[in-house]
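Structure first, commentary second.
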Amino acid sequence: MTVDDETLRAAFFAHTDGAENFTRRMAIAIGDHCGLAPMKVVSRLELMGFLRIGSGAWFRENGGITQKHINRARADCWRCNRPCGRA
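In numbering that gives the first Met the number 0, the protein residues as written are 0 to 86.
Dropping the structure here:
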């Protein structure tokens, strides 16, 4: 699935409203919402200027965004009955 920049921009602002840092969980939730892998979300947001250049490198250097991270974030969304973008 290819998501347009406007949809990705809207998802970014919806998931980061009031946040000081961009987190793995945000990348996962936006990825689920837009049908993208979390690291693809980070790359696209860097290119669009919403994340600092090097954000993707920071995630990779600090453990990446693993399947364990993804599973935990998704489980927490369902446990708290919060929408995380998954149908």
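Note that CB positions come from ideal geometry on N, CA and C, so glycine has one too. All values derive from a computational prediction rather than experimental measurement.
Item, Value
"Through-space distance from Asp3 to Leu35, alpha-carbon basis", "11 Å"
"C-alpha gap between Ala72 and Arg24, whole angstroms", "6 Å"
"Arg43 classed as buried or exposed, judged by whether at least 16 other C-beta atoms fall within 10 angstroms", "buried"
"Asp90 classed as buried or exposed, judged by whether at least 16 other C-beta atoms fall within 10 angstroms", "Absent from the model: residue 90. The displayed extent of the chain is 0 to 86, so no value can be given."
"Backbone secondary structure at Gly48 - three-state DSSP", "coil"
"Cut-off 6 Å between Cβ atoms - residues of its own chain near His68, not counting five sequence neighbours on either side", "Arg23"
"Counted within 10 angstroms of its Cβ, other Cβ atoms place Gly62 as buried (16 or more) or exposed", "exposed"
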